Structures are given as C-alpha cells and as structure tokens.
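>
2 protein chains.
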Amino acid sequence: MLMDFYEMTMAHGYFTQHENTDRVAFDVFFRRNPDKGGFAIFGGLEQIVEYILNLHFDERDIDFLRAQGIFSEEFLAYLKDFSFTGDVYAFPEGSIIYPNEPVITIVAPLIDAQIVETAVLTMMNHQSLIATKANRIVRAADGRIVADFGARRAHNVDAAVYGARAAYIGGVQSTATVLAGQQFGISVSGTMAHSWVMYHDSEYEAFKAYAEVYPDGAVFLVDTYDVLNSGVPNAIKVAKDVLEPMGKRLKGIRLDSGDLAYLAKKARRMLDKAGLEDCKIMASNSLDEYTITSLLIQGGPIDIFGVGERLITSKSDPVFGAVYKIAGVEKNGVWEPRIKISESVEKITNPGFKKVYRVYNEKGRAIADLLTLLEEVPDTTEPYRYIDPEQPWRELYFENCTFKEMKQLIIKDGKLLVELPTLDELRQYVKDQLETEIWPEEQRFENPHRHYLDMSPGYYQMKMDLLNRIFRKK
Amino acid sequence: MLMDFYEMTMAHGYFTQHENTDRVAFDVFFRRNPDKGGFAIFGGLEQIVEYILNLHFDERDIDFLRAQGIFSEEFLAYLKDFSFTGDVYAFPEGSIIYPNEPVITIVAPLIDAQIVETAVLTMMNHQSLIATKANRIVRAADGRIVADFGARRAHNVDAAVYGARAAYIGGVQSTATVLAGQQFGISVSGTMAHSWVMYHDSEYEAFKAYAEVYPDGAVFLVDTYDVLNSGVPNAIKVAKDVLEPMGKRLKGIRLDSGDLAYLAKKARRMLDKAGLEDCKIMASNSLDEYTITSLLIQGGPIDIFGVGERLITSKSDPVFGAVYKIAGVEKNGVWEPRIKISESVEKITNPGFKKVYRVYNEKGRAIADLLTLLEEVPDTTEPYRYIDPEQPWRELYFENCTFKEMKQLIIKDGKLLVELPTLDELRQYVKDQLETEIWPEEQRFENPHRHYLDMSPGYYQMKMDLLNRIFRKK
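Chains as they are written, first to last, in our numbering: chain U, 45 to 518; chain L, 45 to 518.
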C-alpha cells in the first residue's frame, strides 16, 4: 500500500474504462546528478524486486479502499487476486547512471505498471541518493576508512537501515546501525558515547573500565572535557597502565568536536611520542566530502572518518528526483511511442520502449551512453554512426568501440529470472566501474565532465518524427 | 535492533563493570530551530512510546550479537529477558519546543537508558523535522489547503509514512500516500498522472474518461501538452459536455509545471468566463514555504497546494539535530548532576534531572520557558525572580504569570500511564498553541523573535557551582 492514491484512482479508471490488456512501458530516469556531480550510483533494485514480487492486497487493504467510497466492487475483487504480471528491465544495481536514460523500464499491463510507480521511485530515489553521496565521501577520504554513523539523524528507521545498505554499496566500510548489520551483513562498529565518560567518576576511570572489557578494540572518545589536556593524556595513560601489561595496544582515539585538523595533528604527535604510532585517529562531527577534503588538505592525520547526518540525509542535496514516465503503449503487438512535451526543452522525455548501450573505447573507458530502438543491435565491425542530440548536424562515429546493453530483463511475467548479486558484489562492482571504466574527469567534484547521452540515427529520427507530428497537429 | 553498536558495547561494559542499579537521567534536546525559524514542533512521541514498550531481543538478535564475538554469555542471557524498566518524561507530542530544553527525559537503569538512545533520536528527529517544515508551509499557504505529495521523494517507506503523519500534525490537510491514510486515518487524496493523459488518444478523451468514472471528484491535470491552449480548454469542454449533463460540476484543475502564478491567473479567468467559478485551482511542483509565499505575493489564485519533495525531505534543512545527553546519575537516592563541557559555550549542556515550565503572561502568551531544579514549584502569588543566563547580572521578575510544567511522566517502570492523544487532537493542539499562545513574532520566517530559556535562581546556581568545581579541578 505504499502508493500514491492517484495510482488507485487511475487503476480503477483503467479497469472501468478499458480492458487491462494493453501493455505499456514506463521508464524510470532522473534528470540531474546530485551535488552537481558527474554521475549517480543506482541503488535500491533489490528492494524494488522484493516489493514487486510480493505485491498484493490483503483484506485490510481492500477494506480501507472500499471505505473511500469511490471504487467498484468488481475492481476491489480484481485487486484481491492481483499480483504483478509484467516484465522489469533494469540496469544492474550499483551501475553508474546518468541523467535522462531509462535505468528501469517496467513493461506490463496498464494497471500493473501504474500501481508500482511510487514504491519503485521511493526505493530507487532513496538508495541511489545515499549510495551516490556515500561514494562522494569515500572518494574524498582518498583511501582512508569511512564508517556510517547516521542512524539518529536518518528520516526514520528505513532511512537508517536502507541508507546504511546504500552507503555500503557506495563504498563505506562499516555501519554503526545494528539493524543494518543484522539485516544485510554489513560489519558493525562502535565505541563509546560521551555518556560513558560522563557516567564514570573520571575520564581515566571511564577509559580504564572500557579497556578492561574490550582490550582488543578500545577506541577512546577523547573530547568530553579537553582533548589535549585531558582526553589524549588519559588515553595514553590507560594504554600504558591497563593495555600494555595485558600485551595489548590501544586501537584508536576519536575526536568528535573542535578543530579536527589541529587536534588530530597535536594528538598524533602526543601518541607517537608515547610510542603509540599504531593508534588510529578517528574523526567525526558533521563530516561530508567537503569537510573531509578540507581536513586532508590541511594535513590532518586522520585514519578513519565517522560520517553521520550529512551522509544519511545527503544534507547538501537531499532529493534524488527519479521520475516514472510512460514511454510507449503496445497496441495489437506494435509499440507506439509516447512523449511528454514541456515548455522546458530539457523536460521533454525520450519516447518509446528503447535500449541503452554503454559505449567503451579500446581502453575500456565508458565514453558515452547510447539510446537505440528496441530492435537495433549496433554493428561493431565498422565505425558506428551516432547522433549527439544537442548537435544533430554533426556527423559522428564511434570507432573501435564496444557496446554493452545496460538494461537486463530481470522479471518476466511477474517471475524473477536472475539471482541478484550480494551486497559485497554490488560494492565491488561500483569500485570496479570507477577504477576502470569511468573517466576520472567525471569523478571530480568541481565541474565534472558531462557524460554524453547519444542516440542511434533511427532512434533520433523516431523522436523527431513524433515531435513534428505533435506540433503539426496543434 | 535500531541502535548504534556503541550502545551495545557500552551496555555490555556497564553490565560487566557495574551493577545495573544506578539510575541515570538522559535529556533529549535540540540546539537549533530548522530553517532559522522561531521554534520547532515536537513529533514522534507515539512512535517512541511504542518502541520503548515493545523493546526486546529475540533469538535472532541474540545470535547476531553473539556472532560479533565480544559479548559475554551472561550479558546475552540478560538481554534475552530484557524489557525497558525505566520512566519517561516528555512534553506532549505536538508541543511547540525550543532549543536547549529537555523535551524528553529518560530516567532508567543505565543499560535501559543507554540502549534506547538511537531509536528515540531517530523517531523524534524525523517527525519533528517534518512537522515543523509542514507547519511552515501551511503558515505560508495562509488558510489555503496544503496536501502532502511527497512519498516518491521520501527517504524510503517509513519516511513517507511517518512523514505524512508528521506533516498532518503540522497542519497539512491530506496525504497522497495510501499507506499513511490506512495506518493513521489521514484522509487521502489523488487525481491523475501525466501517464493517464498520455495513455489516452487525446487529452479530451483522457479527461472525459476520468469524468465518467469520477463525476464527483474530477481534478484534471492540465499541463501535459499546453496548459492554456489545450489543457484548460479541454477541461472546460469536458465540464460542459460530460459533467453538466449529469448535473455535476468540475471540482478542479491541477498545474504541475511552468510559471504557476501566471498560468493560474490565466486559467482562473478562462474558468470564470466559462461559468466555472467554483472550480478550484491546485498547484504542485517543488513547492515550499518560500515558493508559496512568492506565488501568493504575485496574486496567484491558487486554492490548493500539493507539496512533495521539499516537504517530505525538509529539503532546505534536512537535519533535525536532537541529541541524547546524560544529565544526572542517582547515587544512593541522591541525583548528582552531570554536565558536558565544550569549547563552544553554546554546546555546554544544562545539567541535572530538571523541570521545564512554560511561562504565560496574563493574556495567555508564552513569554519564556524556565528550567528549575526537580523539587522547585514556582510560587505564583508574588513576582517570580528568574535568571536570564545570558545576562545573569539583571534582576528580573515574572509578574502576573502562570506556569505550566511541560514534561509529563508518561511511562513509569516500563508501563504506559496515559492515553496518547489521537492524531486529530495533536493537529488541533498545534493549531491552538499557534493561535493563542505563541507570539506571532516567533512565527514569522525572517528574523523571528528568539524565545527565552530562563532559569530559576536555584537551578542557575547549581549549574554555576558545577562549572566552577570542574574548572577548579583542572
């Protein structure tokens, strides 16, 4: 029942006015990379698949809908036996994705396609948003560890749990959120709060008690009273008094306030002087890709970043705007394209049930994505003529390129066809794409290169014909 | 299991190192009003109460924790039988709240108090954020209807559903999210998507089909092709051709793109000219309190605002930063205050297990909030001497004022003492406070008046003594 009410009113309308026999194709795409970045990361597909496979209406749902007083009993009876009978095509989860290309295409009877709209968007929007943000933060951390500390500032429980999942796909190392660890097998981490220190009679007592319980994993929070005059000295003292006699080393200290670059440098020197060169410094407190970049430019010797609210809400850009637009209607076995016109040219949709290819040069770099008609298979034995829709007058060719079709049929007639990858596979897939396929120029934060979305000549012609027809009609 | 892992490591530490007999008091408070506003609205309490009353660890939870390899079997056995045994004091849900005052105080054995931290914060942060944002938008709409359209851009399912609940508390009229309607009894609303129009062979056919199914509630989306040349004329035509012969009136049209103020004015004139003066105009598309204010200043004749992404993510300020800080420890029946020191003066906590009074003048306006020691009851028979902690040198009195204690004991020894209000009561409570108690000067968007948080002389003295003692110690 996670749907917008209009999906129900429309479904009932379709049910009443039409036979639910026409199949339609809906594309899911987004228009703008978050944070003015060069790309996004596709997250949420597993959750979408689970939703679609389990979609049904139970007695309570039917009763609730009946109580609205606008739905016919025939329609309610139909819903009672409803299950999704359509097909789902999608990019693999974890794919690098770009604006205006269909990342998911739902091909299904009208009603089936209409009522999954909101859930598909919500799940994709949320997880893609957080995976993309997490990856930006991980890139800024430049090889250092990033841990998710976001649960308490997440937009409720699912946002914490699925957000942790998405952050892991994006490259975060661990989460503090126990439920996410339990549900997805992400490694959980956590140390102590200020309350641990404040509960005890002194900071030294607090660290000592913690070291006695966790001699192997002690990370002391050193900013409760005074980092340099109390926190770090007490941490060193407990390392010497308590841990060393047990043959243990202090694992780390955590800074959670103040001037993190300055404090980390001072603390590093104090730790090193005490022979604790292997003690890690962890920093937290409203971090994101921008503050982490700044800390590293300042030479802050920080080994681990605990990132919370700015990751789990994608604070600097908290809306991922994927939309769900009808692209085609199948009438008597023939797909008719549909296009959404807008006064803003960039909001005109790419019509038709179509394919997306990623085009790689001979070094394996993804140089463009390409929209084609459904029946087209690029011939790679010779230079491939394509259209840049922003400069259709140019005669352009892909030479010595390979083409990978990005959308895969994963659900057919309501049945899952494939085994979905594990979370670690998704995380590795993101890493591999960024290391080998995606230009570094698309990965920088400032004015990244804009990935091309080109069209096959046939596809471009179809779109132009459609636009001409519509504007002639008027 | 919605908790940060450190709550478990600390709980285990407390279990191992101490007897779980000391009771502690944790305060939940926030430091900054969202969007530079004058106040926030407290949401999420019902969800917190449900969480606390149901908190337990099942076999799978215990197995997951055991697999972490750091918890003793004694502790795991203890968790197996765990239930929350403490007390919860809280402001009524829907209360207007201000920075740095304890909105919730958890008084419980150490472990009980520690492990509810994250869930309490997540639920309060999310719902308070959205209730506050929704109320800003409702205030901007100045009596016009606001509907929640946010689900697809919410941070996953809970964010959509509990966000709709919070938005309703904040004053929104209805939600498009069916699951929220079902779960909380909020009235649901919804019309049609562009896909309805695009599926049909023409816009006229689409409107006609919809009017035939919903003669009483037809709201036509008029911007699929061209608002003024196609959408509004087709809407009028269907009102005449289809609805009027049935004795029905067209309920409304919806604008979802373009220059909303301009289009609404033009559309209004066309509708009026056609005798459809009672047809409402609804607008949507990235609206929030700022765009709505601008539309109304321009004289846009809009009756209903559909608000989505900027409401459900609180886009302009998506983090509500309530924190959970230890305020006191009960030793042998005596409460010892605890304070968190910080180099930033505004981050020094208000120590001790304490009370909050709201102070009203003779006209019933809330002129300040007041922190007192636990045992203090203000004597209202004579002027009440209080301290403004920012100007402690001034001799200040509340005269002819009444005092309302804001925190109520709602859970005692793990049992719920009170009946929680209905959602409609919460919404009315918000409305009543804003109409009668809260200064208009605190409700404006630009430079709102800052509500005072004063202290009783006894409370102020306690805090100063504590600070002196700490800084003397060093």
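Here a beta-carbon is modelled for each residue, glycine too, at the ideal position from N, C-alpha and C. Just so you know, these numbers come straight off a predicted model, no measurement behind them.
(1) Classify L:Tyr401 as buried or exposed, calling it buried when 16 or more other Cβ atoms lie within 10 Å of its own Cβ.
(2) Tell me U:Val232's beta-bridge partners as DSSP assigns them.
(3) Quick check on U:Arg438: buried or exposed, where buried means 16 or more other Cβ atoms within 10 Å of its Cβ?
(4) Residues of chain U with a CB under 7 Å from the CB of L:Met326: which are they?
(5) When burial is assigned at 16 or more other CB atoms within 10 Å of the CB, is U:Gln484 buried or exposed?
(6) By the criterion of Cβ-Cβ separation under 9 Å, what are the contact partners of L:Ile114 in chain U?
(7) Would you mind giving the Cβ-Cβ distance between L:Leu46 and U:Val257, rounded to the nearest angstrom? I have them listed as a contact below 8 Å.
(8) Please state the DSSP three-state secondary structure of L:Val367.
(9) Output needed for L:Leu460: all residues of its chain with C-beta closer than 8 Å, excluding positions within five of it in sequence on either side, in chain order.
(10) Between U:Ala55 and chain L, is there a C-beta pair that is closer than 8 Å?
(11) Among the residues of its own chain, which have a CB less than 6 Å from the CB of L:Ala195, if the five just before and after it don't count?
(12) With C-beta atoms as the reference, is L:Gly130 less than 8 Å away from L:Val164?
(13) Tell me whether L:Met499 sits in a helix, a strand or coil according to DSSP, three-state version.
(14) Could you tell me which chain L residues have their CB closer than 8 Å to the CB of U:Asp202, listed as they occur along the chain?
(15) Might you give, ordered along the chain, the residues of its own chain that have their beta carbon closer than 7 Å to the beta carbon of U:Ala308, omitting 5 neighbours on each side?
(16) Flag L:Ala237 as yes if its beta-carbon sits less than 8 Å from any beta-carbon of chain U, otherwise no.
(17) When you compare only the Cα positions, how much space is there between U:Thr357 and L:Gly138?
(18) Please list the residues of the region 224 to 255 of chain U that have a C-beta atom closer than 8 Å to any C-beta atom in chain L, keeping them in chain order.
(19) Under 8 Å: do the region 181 to 189 of chain L and the region 146 to 161 of chain L share three or more Cβ pairs, one atom per stretch?
(20) Hey, out of L:Gln435, L:Glu321, L:Tyr58, L:Asp48, whose CA is closest to U:Tyr254's CA?
(21) Going by C-alpha to C-alpha distance, which of U:Phe70, U:Arg75, U:Lys80, U:Ile114 sits closest to L:His238?
(22) Sort out for me which residues DSSP pairs U:Trp240 with in a bridge.
(23) Counting Cβ pairs, one atom from each stretch, are 3 or more of them under 8 Å apart for the region 480 to 500 of chain U and the region 69 to 89 of chain U?
(24) Exposed or buried, which one is L:Asp332 when buried takes at least 16 other CB atoms within 10 Å?
(25) Just to confirm, are U:Tyr368 and U:Glu161 a CB contact at a threshold of 8 Å?
(26) Going by C-alpha distance, which of L:Arg312, L:Ile141, L:Leu510 is nearest L:Arg75?
(27) Using the three-state DSSP reduction, which class does U:Ser328 fall into: helix, strand or coil?
(28) With distances taken between CB atoms, is the gap from U:Leu320 to U:Ala283 smaller than 8 Å?
(29) Taking only runs of the alpha helix (DSSP H) that begin and end inside the region 292 to 331 of chain U, which ones reach a length of at least 4 residues, in chain order?
(30) For U:Ser127, which of U:Glu118, U:Thr149, U:Phe101, U:Tyr404 has the nearest alpha-carbon?
(31) Under 7 Å between beta-carbons, which chain U residues line up against L:Tyr50? List them in chain order, please.
(32) Across the region 168 to 186 of chain L and the region 167 to 175 of chain U, are there enough close Cβ pairs to call them in contact, namely three or more that are closer than 8 Å?
(33) Taking C-beta pairs closer than 8 Å, name the residues in chain L that U:His170 reaches, listed in chain order.
(34) Would you mind sorting L:Ala111 into buried or exposed? The rule is 16 or more other CB atoms within 10 Å of its CB.
(35) Please list the residues of the region 149 to 165 of chain U that have a C-beta atom closer than 9 Å to any C-beta atom in chain L, keeping them in chain order.
(36) CB-CB under 6 Å to L:Asn444, same chain, minus the five flanking residues each way: which ones, in chain order?
Looking at the atomic coordinates:
(1) buried
(2) U:Thr219
(3) exposed
(4) None at all; the shortest Cβ gap to chain U is about 12 Å.
(5) For the sequence presented, residue 484 of chain U should be read as Pro rather than Gln. It counts as exposed.
(6) Val257, Tyr258, Asp260, Gly261
(7) Rounded, the Cβ-Cβ distance is 23 Å, inconsistent with contact.
(8) strand
(9) Val93, Leu97, Ile454
(10) no
(11) Ala204, Thr221
(12) no
(13) strand
(14) His199, Asn200, Val201, Asp202, Ala203
(15) Leu299, Ile325, Ala327, Gly344, Pro345, Ile346
(16) yes
(17) 23 Å
(18) Gly225, Gln226, Val232, Ser233, Gly234, Thr235, Met236, Ala237, His238, Ser239, Trp240, Met242, Tyr243, Ala253, Tyr254
(19) no
(20) L:Tyr58
(21) U:Phe70
(22) DSSP, once it has assigned bridges, lists no residue as partnering U:Trp240.
(23) yes
(24) buried
(25) yes
(26) L:Ile141
(27) strand
(28) yes
(29) 304 to 317
(30) U:Phe101
(31) Ala220, Gly234, Thr235, Met236, Ala237
(32) no
(33) Ala198, His199, Asn200, Ala203
(34) exposed
(35) Leu154, Ala157, Gln158, Glu161, Thr162, Ala163, Val164, Leu165
(36) Glu406
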